[in-house]
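To convert, take the position in the sequence shown, counting from 1, and add 163; that gives the working numbering.
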Amino acid sequence: MQTFTVSLEFSCASEKRALSFLIELYRRSKGFTRSQLEQAARLPARSLDRIEQGTRDVEVIELQQIALALDQPFDDFLPKQVKYGQNNTGDGFIRSARKSQ
Numbered sequence: 164m165q166t167f168t169v170s171l172e173f174s175c176a177s178e179k180r181a182l183s184f185l186i187e188l189y190r191r192s193k194g195f196t197r198s199q200l201e202q203a204a205r206l207p208a209r210s211l212d213r214i215e216q217g218t219r220d221v222e223v224i225e226l227q228q229i230a231l232a233l234d235q236p237f238d239d240f241l242p243k244q245v246k247y248g249q250n251n252t253g254d255g256f257i258r259s260a261r262k263s264q
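Structural data, given as structure tokens:
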């Protein structure tokens, strides 16, 4: 079986929303239902529903348990803020400051 690496970039209004999106993304990619992941990560019932909706915060220990249950590195669940340089074109690419002649 071949393995591929995918890098995603998405916009969210807050770090909390980004984290809830990442948890749901990894949960679905591993084929877990919410209740299955709650059981595997020893989370309270229906807590994952509220986490993925963005209405409940995730404690660090809970995030560690989720990462272990999904067999993902903990750092994968830490949203990274992307900062563009001054030559940002708005299309996701940073252009060279050099002008073509």
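All residues carry an ideal CB built from backbone N, CA and C; glycine is no exception.
Buried or exposed (CB count within 10 angstroms, at least 16 for buried), residue i
i: Ser-177; result: exposed
i: Ala-208; result: exposed
i: Arg-190; result: buried
i: Ile-224; result: exposed
CA-to-CA distance, residue j to residue i, given in whole angstroms
i: Leu-185; j: Gln-165; result: 23 angstroms
i: Leu-226; j: Gly-194; result: 18 angstroms
i: Gln-235; j: Gln-228; result: 10 angstroms
i: Leu-211; j: Arg-197; result: 6 angstroms
i: Val-221; j: Ser-174; result: 20 angstroms
i: Leu-182; j: Phe-240; result: 6 angstroms
i: Gln-216; j: Lys-179; result: 10 angstroms
i: Arg-213; j: Ala-204; result: 15 angstroms
Simplified DSSP assignment, three categories, for residue i
i: Ser-210; result: helix
i: Arg-197; result: helix
i: Asp-238; result: helix
i: Gln-249; result: The pLDDT assigned to Gln-249 is 47, lower than 50, so where the model puts this residue is not dependable; a value taken from the coordinates is nonetheless given after this. Note: Gln-249 maps to coil in three-state DSSP.
i: Ala-230; result: helix
i: Gln-117; result: Nothing in the structure corresponds to residue 117, since the chain is present only between 164 and 264.
i: Ala-181; result: helix
i: Glu-225; result: helix
i: Arg-190; result: helix
Nearest-angstrom beta carbon gap, residue j and residue i [assumed within contact, 8 angstroms]
i: Ala-232; j: Leu-200; result: 6 angstroms
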